[in-house]
Amino acid sequence: MSDAEGVKPRHFVDLADFSTGEIESLVAGAKALKARRVKGNLGDYLPLLGKKIALIFQQPSLRTRMSFDVGINELGAHVLIVSGDEIELGHRESIADTARVMSRYVDAIMIRMLSHHELLEMAQYATVPVINGLTKKSHPCQVLADIQTFEERLGSIRGRTIAWTGDSNNVLASWVHAAARLDVKLKIATPEQLSPPAALLDWARAEGAELKLTNDPYEAVDGADCVITDSWVSMGDGDREYRHNLLRPFQVDQRLMDAANKGAIFMHCLPAKRGEEVAAEVIDGPQSAVWDEAENRLHAQKSVLVWALTDTK
Ligand code: CP
Ligand code: NVA
Numbered sequence: 006m007s008d009a010e011g012v013k014p015r016h017f018v019d020l021a022d023f024s025t026g027e028i029e030s031l032v033a034g035a036k037a038l039k040a041r042r043v044k045g046n047l048g049d050y051l052p053l054l055g056k057k058i059a060l061i062f063q064q065p066s067l068r069t070r071m072s073f074d075v076g077i078n079e080l081g082a083h084v085l086i087v088s089g090d091e092i093e094l095g096h097r098e099s100i101a102d103t104a105r106v107m108s109r110y111v112d113a114i115m116i117r118m119l120s121h122h123e124l125l126e127m128a129q130y131a132t133v134p135v136i137n138g139l140t141k142k143s144h145p146c147q148v149l150a151d152i153q154t155f156e157e158r159l160g161s162i163r164g165r166t167i168a169w170t171g172d173s174n175n176v177l178a179s180w181v182h183a184a185a186r187l188d189v190k191l192k193i194a195t196p197e198q199l200s201p202p203a204a205l206l207d208w209a210r211a212e213g214a215e216l217k218l219t220n221d222p223y224e225a226v227d228g229a230d231c232v233i234t235d236s237w238v239s240m241g242d243g244d245r246e247y248r249h250n251l252l253r254p255f256q257v258d259q260r261l262m263d264a265a266n267k268g269a270i271f272m273h274c275l276p277a278k279r280g281e282e283v284a285a286e287v288i289d290g291p292q293s294a295v296w297d298e299a300e301n302r303l304h305a306q307k308s309v310l311v312w313a314l315t316d317t318k
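Following this note's numbering, the numbering of the sequence shown begins with 6 at its first residue and continues without gaps.
If you want it as structure tokens, here you go:
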């Protein structure tokens with residue numbers, strides 16, 4: 006079941022690895038899959054019929070776990086879900102050996118784990134596609150779904166302005182990758198102490214990304230078509246109280262949304278904490294696109310799977 010010797014599997018590790026055209030094509034694929042989906046029925050499009058796809062979770066998940074499971078079923082494939090603990094990932098045997106063995110059983114591996122380095126190791130030794138379902142460093146499936154959500158609500162993302170306010174984390178890093186590939190202006194407001202990594206910003210600027218960094222959320226949302234935030238404490242983070250104190254001024258409330266462009270939308274990858282990073286009036290209000298974002302994870306990931314597992318020769 007593994008790919009023939011010498012054929013490089015189509016990994017989906019970071020948006021940074023893709024060209025503008027490839028990202029646009031993945032988003033177009035997601036929109037097409039959404040349009041043809043018949044919820045509750047298999048429909049007549051089963052491009053992955055008979056394939057087997059493993060999902061490994063070393064960290065908790067609702068959206069990633071369910072949307073991959075449902076999406077894989079809708080494409081006609083079979084899903085195997087294992088927890089990192091169950092296979093003692095990286096302890097019982099090396100990541101490399103796990104990748105080699107799994108590649109003999111399944112056609113693709115989706116993995117959620119904190120260590121980006123270990124995910125890269127998995128991709129290095131797997132002979133089937135490896136998909137990043139979130140690491141501490143990035144969350145490309147989320148941002149692919151976010152791009153789709155933006156475009157459904159507001160039209161082409163080209164030339165538009167996106168504001169991020171709050172913590173600098175994996176979702177923001179994938180937005181920085183997207184900004185380097187798409188014609189998008191990304192305005193980022195974080196506390197000084199939680200700024201995005203210099204290496205990420207240097208990379209993005211060298212790749213032509215239009216980034217604006219500030220410590221003032223109002224400066225970030227000025228001129229923005231979309232305001233994004235995420236939880237103040239991501240998986241694997243400590244210093245809860247320290248982070249809360251620093252991040253309190255970065256909450257997205259209605260006053261902040263009103264300072265963005267008229268018609269701006271609000272996005273959040275979820276899970277959200279009302280009263281912390283976002284006020285209930287915003288996430289539950291008319292500008293919120295969060296439920297579409299959650300749904301679009303399904304379509305975006307189906308698009309990635311179809312790209313990774315069909316027409317690969
Ligand atoms: N947004 C997201 O990835 O959600 P889960 O952690 O529930 O998968
Ligand atoms: N930044 C969050 C995203 C959760 C989907 C985390 O890493 O916990």
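Even for Gly, the Cβ is constructed at its ideal location relative to N, Cα and C. Here the structure is a predicted model, which means the values were calculated and not measured.
Checklist entry - Comparing alpha-carbon positions, which option in Leu252, Gly241, Arg42 and Gln292 lies nearest Lys267? => result Gln292
Checklist entry - On the premise that Leu53 lies in contact with Leu314, defined as a C-beta separation below 8 Å, what is that separation, rounded to the nearest angstrom? => result 6 Å
Item to check | Test item: CB-CB of Glu212 and Ala178 under 8 Å | outcome: no
Next on the checklist: Rounded to the nearest angstrom, what separates His2 and Met71 at their Cα positions?
Outcome noted: Given a span of 6 to 318 for the chain in the structure shown, any question on residue 2 remains unanswerable.
Item to check | Bounding residues of the alpha helix (DSSP H) (the contiguous stretch that carries Glu157) | outcome: Pro145 to Leu159
Item to check | Environment of Lys13 [buried if 16+ CB atoms lie within 10 Å] | outcome: exposed
Item to check | Those runs of the alpha helix (DSSP H) which lie wholly inside the stretch 196–242 and span at least 4 residues | outcome: 203–211 and 222–226
Checklist entry - When DSSP builds the beta bridges, which residues end up paired with Ala194? => result Thr170 and Thr219
Item to check | Chain-order list of residues whose beta-carbon lies under 6 Å from that of His83 (same chain, five-residue window excluded) | outcome: Lys57
Checklist entry - If you compare alpha carbons, which of Asn137, Met272, Leu303 and Pro196 is closest to Ala21? => result Asn137
Checklist entry - Which parts of the stretch 257–310 are runs of the alpha helix (DSSP H), unbroken and 4 residues or longer, counting only runs that do not cross its ends? => result 259–263 and 285–288
Next on the checklist: Let's test the definition: count the other Cβ atoms within 10 Å of the Cβ of Thr25 and tell me whether it reaches 16, buried, or not, exposed.
Outcome noted: exposed
Checklist entry - Would you call Gln147 buried or exposed, if buried means 16 or more other Cβ atoms sit within 10 Å of its Cβ? => result buried
Checklist entry - Beta carbon of Thr328: closer than 7 Å to some heavy atom of the ligand CP? => result Nothing about residue 328 can be read from this structure; the chain reaches only from 6 to 318.
Checklist entry - Exposed or buried, what is Asp316 when buried is set at 16 or more other beta-carbons lying within 10 Å of its beta-carbon? => result exposed
Item to check | Close-in-space but distant-in-sequence residues of the same chain around Thr103 (CB under 6 Å, 5 per side omitted) | outcome: none
Next on the checklist: To the nearest angstrom, how far is the alpha carbon of Leu80 from that of Met127?
Outcome noted: 24 Å
Checklist entry - Is there at least one non-hydrogen atom of the ligand NVA closer than 7 Å to the beta-carbon of Leu252? => result no
Checklist entry - Does DSSP put Val43 in a helix, in a strand, or in coil? => result coil
Next on the checklist: Any heavy atom of the ligand CP inside 7 Å of the beta-carbon of Gln292?
Outcome noted: no
Checklist entry - What does DSSP give as the partner residues of Ser88 in its beta bridges? => result Phe62
Checklist entry - Is it right to say Val43 is buried, meaning 16 or more other beta carbons lie within 10 angstroms of its own, or is it exposed? => result exposed
Item to check | Ile114 beta carbon less than 8 Å from that of Ile61 | outcome: yes
Checklist entry - So, are the CB atoms of Glu29 and Asp151 less than 8 Å apart? => result no
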